[in-house]
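Remarks on the structure that follows.
Numbering (the numbering used here), first residue to last: 1 to 253.
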């Protein structure tokens, strides 16, 4: 049975995944910290929205404003396009880690303490209920999942939730994970994914290659990705700042 795929209109991406990524299954982008993984994800998000699809964006290490700013910086995406096509789930480690504490803000952002596996699952379900499965369907996009593993209390249960989510077949899942922290544990998410892509940095140049896929052909040699130094620095600065702020709080829980 042929696999449905989605291919961003970018030469560098086609050089790595000629048929695109498989839909209604999971793709993981993995690589060292600071190697530009979210930028690869944003390229897919932008193309997904342009094709009429919808995105559930898990804000694990940033806020919605970062998404607006970055999408505008990279692709001139206006706020109206994002507001129409994106539902946000925001991680707040200071909230009570219970389903009862989940809240939806006035601007539609679903907030919860995603460290708790049941909160992770419920917030995703609430966000998916807001989507209509238009265009290529719904893309569930989450970055920096490793951050949630810094909690000794919740590590194993939230890791199980990651793996379960990666195994879903009713939504296209795209996760970015770091190979610099909890590599063995996060490897379980990679193992559960249909497709794994790897990033690297070589003298300030972001590179991407395919690692493996059960559904689509991949190029396993690195391909240069033409993001500028300013664009790479923008994402890196936000990631480093949020990591420094979040990790002490997560470790205490």
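Note that beta-carbon positions come from the ideal geometry of N, C-alpha and C, so glycine has one too.
Item: Alpha-carbon to alpha-carbon, residue 91 and residue 61; Value: 8 Å
Item: Identified DSSP bridge partners for residue 188; Value: None, per the DSSP bridge assignment.
Item: Classification of residue 37 by the beta-carbon crowding that lies within 10 angstroms, buried from 16 upward; Value: buried
Item: DSSP-derived helix/strand/coil call for residue 99; Value: helix
Item: Same chain only: Cβ atoms within 7 Å of residue 180, ignoring 5 sequence neighbours per side; Value: 32, 33
Item: Where residue 145 falls: helix, strand or coil (DSSP); Value: helix
Item: Burial state of residue 160, where buried means 16 or more other Cβ atoms lie within 10 Å; Value: exposed
Item: Distance between residue 203 and residue 58 (C-alpha atoms, nearest Å); Value: 30 Å
Item: Distance between residue 49 and residue 86 (C-alpha atoms, nearest Å); Value: 8 Å
Item: Residue 208 and residue 225 closer than 9 Å at C-beta; Value: yes
Item: Residue 157 in three-state terms, based on DSSP; Value: helix
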